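**Q** Can you keep this structure in mind? I'll have questions shortly.
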Amino acid sequence: MSDDSRRLKPVDVVVVGGGWAGSIMAKEMTEAGRTVVMLERGPDRSTAGEGAYPASIDELEGNFRYKLFQDLSKNTVTIRNNASQTALPYRRMAAFLPGEGVGGAGLHWSGVHFRMPPDDLRLRSRVIEKYGAKFIPEGMNLQDYGVTYEELEPFFDKAEKVFGTSGEAYKVNGQVVGQGNVFAPSRSDHFPLPPLKDVYTAHLFRKAAEEVGFHPYSLPAANASQQYTNPYGVQMGPCNFCGYCSGYACYMYSKASPNVNILPVLRRHPLFELRANCHVLRVERDSTGTRATGVTYTDADGKVVTQPAEMVILTAFQFHNVRLMLLSGIGKPYDPVRNEGVVGRNFVYQNVTTSVVWLDPKVETNQYIGAGGGGVAFDDFNSENFDHGPLGFVGGSPVWVNQAGVKAIAAAHSGGPPGTPRWGSAWKAGMIDTYRHSLRIDAHGANMAYRDVYLDLDPTWKDAYGQPLLRMTFDWKDNDIRMNRYVVDKIGNVAKAMGARNVHLTRREFGKPFDTRQYQTTHLGGGAVMGTDPQTSALNRYMQSWDVHNVFVIGANAFPQGTGYNPTGMVAALAYWAAHHIRTTYLAHPGPLAG
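Residue numbering for the sequence shown follows our numbering, beginning at 0 and increasing consecutively.
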């Protein structure tokens, strides 16, 4: 330890990261009577501050200057498409937008709040049962989560009640109760709030999807459709469809966030302490390497600090969790040549393309209104809801209209139909036509895991603290391109039923590599996955490190492969699942959790 470093008084639990997972775990551990320190490398944030009206609804600041997002000048990732290339730093927000500051991505997310489909949780087993092991392409690292929907269901339910999620169930306790998603598994209870109202484009999409034989339903949204008080006693106001969700703190207190739904209670707890502007450098371990002793971080003044703790819980964004494990020597780094090791293995992105439909000029689509989680979807081609046998690919995609509110600068950037000039009167006419009379339809598909798609530490580039950057080796594979093209073709049928006068279907193209210059999604996953085999997973089914039993890692890093759904609902359920087993078993008998 250097002369300017200091060692603090031990605490029971250190939580690294102040987003959804960190707030849930901190709340659960304080309820269990443990002292908790939460370390967040970004600034302290609150809805009262970041969401103060009218300053908060600044599109330039929110969506173009990225006020609530990661400072890439201090820390970023390097990216390459394959191992023969030299990775370069991701210096400008584009393809994905990780958050920073208290609340993390949970402060600026949209609010779409799904449960993981049962088949996705045991995808390898399900594919083999239906199509045989040879159906899995060579090089695809497909595996099960090691936990079932039935085991997670109470924790999905708990998360929805904490979030104040709006939606409509199809089945509750095995009985059909509503017009929700017919492909969704049975629930133990209704959503805490009814679904959001359909905006006009969602209404048109719902009607057209039904006409062509699909099964539309209201997206489950963590945007409150009514006034709500959650189990922690915090209040939410009803969504007013202002459209300032993704990239913003909700000034209506309608969008669920750690800052609205958990932290107001947690901050007042005597066993909890939040330290912002603290960048964790590594998890410290004892001489055996099998037990964590705390973490070392740099504080707001640049001083190096060691915080001893009995338990360390990593709850940062997906790739930050993976990087901290690599920097700390927790788990064997993945070697793609030998297909051995676990940390960095099974990195996945999400396979999203957006198609545009232009309607009759008499139809005003009112794109300026919207809610981040609101909309209408159908799942006919998601997960294992359809026959993949003759199609030759694994995975699927929901299709939806998720109109979140198109603001002025974004409208100008969108331009007109393909072929519209980039400037002049024709550009203006095309832009106005698109804004007033079009809608966007997303294919929000899964991305499978592959042997040669992975994360590791970059041998060249370092961050502002002198540590290696995380290196991302990623590209699209034929399986995922075929899946996307198949599903996007179904959008054409819906557009025809809507009376479209022009349709631009956006499909993945064979041979076209992953391009970091265009936004796609911030739904990254894998890299430190959960499972039942320590040879292929970094974490056991309780999110506990196989190698260092008092380290738990909560986040989308645990997903063994991609899913068609947004990850937040699954991350929250896994946090409550892990916390339950820590509280009921681990705290009384610290050690590896089995069974």
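In this text, a Cβ means the ideal position worked out from N, Cα and C, and glycines have one as well.
Model, not experiment: these values are computed from the prediction.
Assign N81 to one of two classes, buried (16 or more other C-beta atoms within 10 Å of its C-beta) or exposed (fewer than that).
**A** The residue labelled residue 81 in the question sits at position 82 within the sequence shown. Exposed, by the Cβ-count rule.
**Q** Tell me, please, whether the segment 221–229 touches the segment 168–175 by the rule of three or more beta-carbon pairs shorter than 8 Å.
**A** Too few Cβ pairs lie closer than 8 Å, so no.
**Q** How long is the line joining the alpha carbons of D441 and V487, rounded to whole angstroms?
**A** Reading the sequence shown from its first residue, position 442 is the one you call residue 441. Reading the sequence shown from its first residue, position 488 is the one you call residue 487. Computed Cα separation, rounded: 8 Å.
**Q** Residues bridged to P420 by DSSP?
**A** Your numbering for residue 420 matches position 421 in the sequence shown. None; P420 has no bridge partner.
**Q** Rounding to the nearest angstrom, what Cα-Cα distance links V13 and P533 in this structure?
**A** In the sequence shown, counting from the first residue as 1, residue 13 sits at position 14. In the sequence shown, counting from the first residue as 1, residue 533 sits at position 534. If you take the alpha carbons of V13 and P533, they lie about 25 Å apart.
**Q** Which stretch, first to last residue, makes up the alpha helix (DSSP H) that contains W475?
**A** Walking along the sequence shown from the start, residue 475 turns up at place 476. Where W475 is concerned, there is no enclosing alpha helix (DSSP H), given that its DSSP letter is neither H nor E.
**Q** In the DSSP assignment, the alpha helix (DSSP H) including S124 goes from what residue to what residue?
**A** Within the sequence shown, the letter at position 125 stands for residue 124. Where S124 is concerned, the enclosing alpha helix (DSSP H) stretches over L122 to Y130.
**Q** Considering only heavy atoms of the ligand NAD, does any lie closer than 7 Å to the CB of T297?
**A** No copy of the ligand NAD appears in this structure; indeed no ligand is present at all.
**Q** Would you kindly report the start and end of the unbroken beta strand (DSSP E) that includes I408?
**A** On the sequence shown, position 409 is the one that residue 408 refers to. Run containing I408: none in the beta strand (DSSP E); it sits in the alpha helix (DSSP H), A407 to S413.
**Q** For A86 and D474, which I take to be in contact (beta-carbon distance under 8 Å), what is that distance rounded to the nearest angstrom?
**A** Taking the first residue of the sequence shown as 1, we reach residue 86 at position 87. Taking the first residue of the sequence shown as 1, we reach residue 474 at position 475. Not quite, the Cβ-Cβ distance comes to about 12 Å (not below 8 Å), so this is no contact.
**Q** Restricting to runs no shorter than 4 residues, where is the alpha helix (DSSP H) found entirely within the segment 31–119?
**A** The segment 31–119 contains these whole alpha helix (DSSP H) runs: 46–49 and 104–107.
**Q** For Q84, count neighbouring C-beta atoms within 10 Å of its own C-beta (all shown protein chains included) and say buried if the count is 16 or more, exposed if not.
**A** The residue you call residue 84 lines up with position 85 of the sequence shown. Q84 should be labelled exposed.
**Q** Starting from V502, trace the beta strand (DSSP E) in both directions and tell me its first and last residue.
**A** What you label residue 502 is simply residue 503 of the sequence shown in a count that begins at 1. Residues N501 to H503.
**Q** Do V347 and F558 have their CB atoms nearer than 8 Å?
**A** Your numbering for residue 347 matches position 348 in the sequence shown. Your numbering for residue 558 matches position 559 in the sequence shown. The answer is yes: Cβ separation under 8 Å.
**Q** Buried or exposed: which applies to S165, given that a residue is buried once 16 or more other Cβ atoms fall within 10 Å of its Cβ?
**A** Here the question's residue 165 lines up with position 166 in the sequence shown. Its Cβ being crowded by 16 or more others within 10 Å, S165 is buried.
**Q** Relative to the C-alpha of A248, which candidate in K66, E309 and Y89 has its C-alpha closest?
**A** Taking the sequence shown and counting its residues from 1, the one referred to as residue 248 is at position 249. Residue K66 is the option with its Cα nearest to A248.
**Q** If I follow the unbroken alpha helix (DSSP H) through S437, where does it start and stop?
**A** Within the sequence shown, residue 437 is the residue found at index 438, counting from 1. Premise fails: S437 lies in the beta strand (DSSP E), S437 to G444, not in any alpha helix (DSSP H).
**Q** For I553 and A403, what's the separation of their Cα atoms in angstroms?
**A** One-based indexing of the sequence shown puts residue 553 at position 554. One-based indexing of the sequence shown puts residue 403 at position 404. Approximately 28 Å between the Cα atoms of the pair.
**Q** Compute the Euclidean distance between the alpha carbons of A376 and V493, then round it to the nearest angstrom.
**A** By one-based count along the sequence shown, residue 376 stands at place 377. By one-based count along the sequence shown, residue 493 stands at place 494. The alpha-carbon atoms of A376 and V493 are separated by roughly 12 Å.
**Q** Output needed for R290: all residues of its chain with C-beta closer than 8 Å, excluding positions within five of it in sequence on either side, in chain order.
**A** Indexing the sequence shown from 1 puts residue 290 at position 291. Hits under 8 Å: R284, V547, H548 and N549.
**Q** Less than 7 Å between C-beta atoms, sequence neighbours within five positions excluded: which residues of the same chain meet that for L573?
**A** Translated into positions along the sequence shown, residue 573 becomes position 574. Result list for L573: M542, I553 and A557, in chain order.
**Q** List the residues that DSSP assigns as beta-bridge partners of V375.
**A** Here residue 375 refers to the residue found at position 376 of the sequence shown. According to DSSP, V375 bridges with S217 and V400.
**Q** For a minimum of 4 consecutive residues, which ranges assigned as the alpha helix (DSSP H) are wholly contained in the segment 317–384?
**A** Entirely contained in the segment 317–384, the alpha helix (DSSP H) runs reaching 4 residues are, in chain order, 317–327.
**Q** Is it buried or exposed for P269, if we count other Cβ within 10 angstroms and need 16 for buried?
**A** Locating residue 269 in the sequence shown gives position 270, where the first residue counts as 1. Exposed.
**Q** What's the call for T521, buried or exposed, on a 16-neighbour Cβ count within 10 Å?
**A** Residue numbering aside, residue 521 sits at position 522 when the sequence shown is read from its first letter. Classification for T521: buried.
**Q** Compare the beta carbon distance of M447 and G394 with 8 Å and say whether it is the shorter of the two.
**A** The sequence position of residue 447 within the sequence shown is 448, counting from 1. The sequence position of residue 394 within the sequence shown is 395, counting from 1. Against a cut-off of 8 Å, the Cβ pair of G394 and M447 comes out as a contact.
**Q** Over the uninterrupted beta strand (DSSP E) stretch that includes T295, give me the two end residues.
**A** One-based indexing of the sequence shown puts residue 295 at position 296. Run containing T295: A291 to T297, per the beta strand (DSSP E) assignment.
**Q** So what does V550 bridge to, in DSSP terms?
**A** As a first step, residue 550 is located in the sequence shown; it is residue number 551 there, counting from the start. Per DSSP, V311.
**Q** With a Cβ-Cβ cutoff of 8 Å, do S396 and N365 count as a contact?
**A** Translated into the one-based positions of the sequence shown, residue 396 becomes position 397. Translated into the one-based positions of the sequence shown, residue 365 becomes position 366. It is not a contact, given that the beta carbons lie outside the stated cut-off.
**Q** Evaluate the contact criterion for the segment 134–147 versus the segment 383–393: three or more CB pairs, one atom per stretch, below 8 Å.
**A** Yes: at least three Cβ pairs fall under 8 Å.
**Q** Give the DSSP-derived three-state secondary structure of L468 in the structure shown.
**A** Indexing the sequence shown from 1 puts residue 468 at position 469. The answer is strand: DSSP assigns L468 an E or B state.
**Q** Roughly how many angstroms lie between the CA atoms of G17 and P389, to the nearest whole one?
**A** Mapped onto the sequence shown, residue 17 falls at position 18. Mapped onto the sequence shown, residue 389 falls at position 390. G17 and P389: Cα-Cα distance of roughly 45 Å.
**Q** Taking the straight line between their C-alpha atoms, what separation do you get for D479 and A445?
**A** In the sequence shown, counting from the first residue as 1, residue 479 sits at position 480. In the sequence shown, counting from the first residue as 1, residue 445 sits at position 446. About 7 Å.
**Q** Indicate whether V600 and L120 have their beta-carbon atoms separated by less than 8 Å.
**A** There is no way to answer for residue 600, as the model of the chain reaches only from 0 to 594.
**Q** Which residue wins for smallest C-alpha separation from P191, given the options G343, F182 and A158?
**A** Within the sequence shown, numbered from 1, the residue matching residue 191 stands at position 192. For the residues G343, F182 and A158, the minimum Cα distance to P191 belongs to A158.
**Q** So what's Y199 in DSSP terms, helix, strand or just coil?
**A** Residue mapping note: residue 199 aligns to position 200 of the sequence shown, counting from 1. Helix at Y199.
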